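As numbered in mature numbering (1 follows the signal peptide of the UniProt record, and there is no 0), residues -31 to -1, 1 to 161 make up the sequence shown, in order. Single-structure report; data block below.
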Amino acid sequence: MSIINTTTVKVLIGTLGAAAMLLAGTQTASAHMTASTPQTQATQTTQTAATTTATATNTSYNHTNSQGTATNTATTSNASGAVAKALSVANSGVPYVYGGSSLSGFDCSGLVQYAFGLSARTTYQQTNLGTHHYDVANAPAGAILFWGSESAPYHDGISLGNGQYVAAQNENDGIGVFSQTYWAPSYYITLN
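Take a look at the structure:
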């Protein structure tokens, strides 16, 4: 019969918490510890899990959920122009800024708004600008990719048409090109 003490439980809970954050898509989670005593290991693992939880909270995309109506008043109407504009921002070192919508910094929907010249500011407003398509693996270059449900999308980016997308991802990953295999979108739209 094995006996489980509180130190073992703390290590297990801390390690599972860090592993859960890894599975949720947070790359900063780490359950690797180099401690010489079980008590030190439990403390370090618990601290790692707490830090990881804070990181995951800070990278939430719920700020783009505000509901409202918007019309498509795109000044950059063609998809290739929007892709080029978004890639230019990604390659220029402009930072991810929560709520940002200018060259001082962008969040996900701010980058989409800027690249396409849209009046629609939030992800929720942008999801209503076109017909929803679900074969995301075949999203054409310039399609706007969305994550989340149709009624509550929480993130968007611009398809490059090759299984990759450009987006203002979060504070850790910044603005760049990402793989759909890293984080698969739920659906996409093409602007009319």
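Just so you know, even glycine gets a beta-carbon here, dropped at the ideal spot from N, CA and C. No experiment lies behind these values; they were computed from the predicted model shown.
The criterion of a C-beta distance shorter than 8 Å is not satisfied by Q138 and G132. Nearest Cα to G111 within the set A153, S120, I127, Y103: I127.
Assigned with DSSP and collapsed to three states, S49 falls in helix.
For V81, the three-state secondary structure derived from DSSP is helix. Residues of the same chain with a CB within less than 7 Å of the CB of Q82, apart from the 5 flanking positions on each side, are S70, A89, R90 in chain order. Here Q149 carries a coil assignment [DSSP, helix/strand/coil]. Taking a contact as a CB-CB distance under 8 Å, the pair F75 and V58 counts as one, their CB atoms being some 7 Å apart.
The straight-line gap separating the alpha-carbon atoms of A136 and Q94 is approximately 17 Å.
Take Q149, set aside five residues on each side of it, and the residues of its chain with a beta-carbon closer than 6 Å to its own are G132, in chain order. Beta-bridge analysis with DSSP links P122 to G117. When secondary structure is reduced to three states using DSSP, N60 falls in the helix class. Classified as buried, H124 has 16 or more neighbouring CB atoms from the shown chains inside 10 Å of its CB. Only buried fits P154, as 16 or more other CB atoms lie within 10 angstroms of its CB. Of all alpha-carbon atoms in G68, W152, F85, S61, the one lying nearest the alpha-carbon of N47 is that of F85. Looking from the CA of S61, the closest CA among G117, L87, Y157, G143 belongs to G143. Under the three-state reduction of DSSP, V66 is assigned to coil, being neither helix nor strand. By the Cβ neighbour-count rule, S78 is buried, with 16 or more other Cβ atoms within 10 Å of its own.
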